[in-house]
Amino acid sequence: MNGTIRVGLIGYGFAGSVFHAPVITSVPGLELTKVVERRSAKSKARYPEVEVVHGVEELYADETIDLVVVTTPSTDHYAFVKNALLAGKHVVVEKPFTPTAKEADELIAHAKEKGKVLSVFHNRRFDGDFLTLRELLRQGLLGEVMEAEFRWDGFDPVLRSTNWREGNLPGTGVFYDLGVHLMDQALTLFGLPSSIAGDVRMQREGAEAHDYFDVALLYESGLKVRLKSSKFVREASPRYALYGSNGSFVKHGIDPQEAALIAGAQPSAVRNWGKEPRERWGKINTSVGGLHVEGVIETVAGSYVDYYRNVMAHIQGQAELEVKPEEARLAIQLIELALQSSEEGRAMPVPFAVAAPLV
Numbered sequence: 005m006n007g008t009i010r011v012g013l014i015g016y017g018f019a020g021s022v023f024h025a026p027v028i029t030s031v032p033g034l035e036l037t038k039v040v041e042r043r044s045a046k047s048k049a050r051y052p053e054v055e056v057v058h059g060v061e062e063l064y065a066d067e068t069i070d071l072v073v074v075t076t077p078s079t080d081h082y083a084f085v086k087n088a089l090l091a092g093k094h095v096v097v098e099k100p101f102t103p104t105a106k107e108a109d110e111l112i113a114h115a116k117e118k119g120k121v122l123s124v125f126h127n128r129r130f131d132g133d134f135l136t137l138r139e140l141l142r143q144g145l146l147g148e149v150m151e152a153e154f155r156w157d158g159f160d161p162v163l164r165s166t167n168w169r170e171g172n173l174p175g176t177g178v179f180y181d182l183g184v185h186l187m188d189q190a191l192t193l194f195g196l197p198s199s200i201a202g203d204v205r206m207q208r209e210g211a212e213a214h215d216y217f218d219v220a221l222l223y224e225s226g227l228k229v230r231l232k233s234s235k236f237v238r239e240a241s242p243r244y245a246l247y248g249s250n251g252s253f254v255k256h257g258i259d260p261q262e263a264a265l266i267a268g269a270q271p272s273a274v275r276n277w278g279k280e281p282r283e284r285w286g287k288i289n290t291s292v293g294g295l296h297v298e299g300v301i302e303t304v305a306g307s308y309v310d311y312y313r314n315v316m317a318h319i320q321g322q323a324e325l326e327v328k329p330e331e332a333r334l335a336i337q338l339i340e341l342a343l344q345s346s347e348e349g350r351a352m353p354v355p356f357a358v359a360a361p362l363v
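Numbered per the working numbering, the sequence shown spans residues 5 to 363.
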């Protein structure tokens, strides 16, 4: 398949309208063709060329649709992804992949059986700060990293209303919603831990799903990676902090792509998309070649467009898939182990051979 890839989008809520449609339509070679909106036609206002349909069956039955993108609540991912694969479509699904690793295994099996591409939208691998971390580790600028902390905090101490993410259903709660990003990043940078210890809880009055997590990934080398999120952090902590034998790197703030997309920006229409201002660059304090170096590291420009470029190239047989479904499935299994750890009050061994880092 070397021509245009026609895309059908299931859902035009926050994820579909903010993160997927603008990015898909910024990739030459991808054509957003149909959007499933059950009760509206909001996508027509921004993309008048698309056809709005009110049922997924119309999408599955359309033989001209090559790629289906699922942006529904995670509680529905399994059914939509399965049916799209069985209809002979390539599939991209929003994170988290599925509520359980068992469901993820079944979907991976369906994709292999049908010979179709399946990928999960772990867009935070394409954040500028994460790309910067990966390059710092690749170049060994911090020496042997012994401790790392990834945080996604905010100040929202009163639960005013609930949406599906905060409901009492499988795959909901902040650990699945935000923690899965941090888990995927940690696994990509450092590989599989030997054990995992979790503290996952509901802190806010009236909460139905977990709204706090503090999870440690423990490695045979002595490395400890801490993943944390709290709704009670008014004074921002570093987003990332890495401490190694040569020095440390500390980074505040969140990649600017999200705010730009929420504001309605189109990646293809913005010069220097994903570029971060100097005042938000991370601070490094390390030794290089026997010299003490202290200063800032310019953040690599992030690009969610690169995710979809890669999916397109992989469908066309021109590139290896960057976000493989097996990797997304692994993040779900570690979330399950962390939840078990939290319930039982003990660290859980990770029942896999330790993998090499993917940097």
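From the three backbone atoms N, C-alpha and C, an ideal C-beta is built for every residue, glycine too.
In whole angstroms, give me the CA-to-CA distance for R169 and T79.
C-alpha separation (whole angstroms): 9 Å.
Distance check for R238 and Y64, CA to CA, integer angstroms please.
Y64 and R238: Cα-Cα distance of roughly 46 Å.
Quick check: the region 307–315 against the region 147–157, are there 3 or more CB pairs under 8 Å?
Too few Cβ pairs lie closer than 8 Å, so no.
Ignore the nearest five residues each way along the sequence and tell me which others in V297's own chain have a CB closer than 6 Å to its CB.
The residues are T290.
Sorted by chain position, which residues of the same chain lie with C-beta nearer than 6 Å to D188's C-beta, five sequence neighbours on each side aside?
Around D188: H126 and A335.
Which residues bound the alpha helix (DSSP H) around R43?
Segment: none, R43 is in no alpha helix (DSSP H) and carries neither H nor E.
Determine the closest residue to L182 out of G158, L36 and G17, with distance taken between C-alpha atoms.
For L182, the nearest C-alpha among the options comes from G158.
Terminal residues of the continuous alpha helix (DSSP H) containing E61?
Where E61 is concerned, the enclosing alpha helix (DSSP H) stretches over V60 to A65.
Counting pairs of beta carbons, one from the region 50–70 and one from the region 85–104, are three or more of them closer than 8 Å?
Contact between the region 50–70 and the region 85–104 is present, because at least three Cβ pairs lie under 8 Å.
Do you know offhand how far A25's Cα is from R129's?
If you take the alpha carbons of A25 and R129, they lie about 19 Å apart.
Return helix, strand or coil for R142, following the three-state DSSP convention.
Residue state, collapsed to three classes: helix.
Can you give me the start and stop residues for the alpha helix (DSSP H) that N314 sits inside?
Looking at the DSSP string, the run of the alpha helix (DSSP H) that includes N314 is Y308 to I319.
Locate the beta strand (DSSP E) running through V85, then write down its first and last residues.
Segment H81 to L90 is the alpha helix (DSSP H) holding V85; no beta strand (DSSP E) there.
Note down, one range per segment and in chain order, each beta strand (DSSP E) of at least 3 residues found wholly within the region 238–312.
Runs of the beta strand (DSSP E) inside the region 238–312: 244–248, 252–255, 286–292 and 295–301.
Using 8 Å as the threshold, is the C-beta distance between K365 and Y244 below it?
The question about residue 365 has no answer here: the residues shown for the chain are numbered 5 through 363.
Determine the burial state of T192: buried for a count of at least 16 other Cβ atoms within 10 Å of its Cβ, exposed for fewer.
Its Cβ being crowded by 16 or more others within 10 Å, T192 is buried.
Ordered along the chain, which non-local residues of its own chain (more than five positions away) have a Cβ less than 6 Å from that of G210?
If we look at G210 and ignore the five residues flanking it on each side, its Cβ neighbours are L163.
What is the C-beta distance between L222 and P260, in whole angstroms, given that I count them as a contact (C-beta under 8 Å)?
Not a contact, Cβ separation roughly 33 Å.
Here's the rule I'm using: 16 or more other beta-carbon atoms within 10 Å means buried, otherwise exposed. How should A220 be labelled?
By the neighbour-count rule (16 or more Cβ atoms within 10 Å), A220 is buried.
At a cut-off of 7 Å, would you count V56 as near the ligand SAM, judging by its Cβ distance to the nearest heavy atom?
For the structure depicted, the ligand SAM is absent and the ligand set is empty, with no information on it obtainable.
Is P32 helix, strand or coil when you go by DSSP?
If DSSP states are grouped into helix, strand and coil, P32 belongs with coil.
Taking just the CA atoms, how far does G299 sit from G175?
Spanning the two alpha carbons is a distance of roughly 41 Å.
Between the Cα of V96 and those of F84, G144, Y308 and V124, spot the shortest distance and give me the residue it belongs to.
For the residues F84, G144, Y308 and V124, the minimum Cα distance to V96 belongs to V124.
Beta-carbon within less than 6 Å of S272's beta-carbon, same chain only, minus the 5 sequence neighbours each way: which residues are those?
Same-chain partners within the cutoff: S30.
Please classify D188: does DSSP put it in a helix, a strand, or coil?
In this structure, D188 counts as helix in the three-state DSSP scheme.
Run through the DSSP bridge pairs and tell me what V219 is partnered with.
G202 and L231.
Inspect the beta-carbon positions of A190 and L231 and report whether they are closer than 8 Å.
Cβ atoms of A190 and L231: closer than 8 Å.
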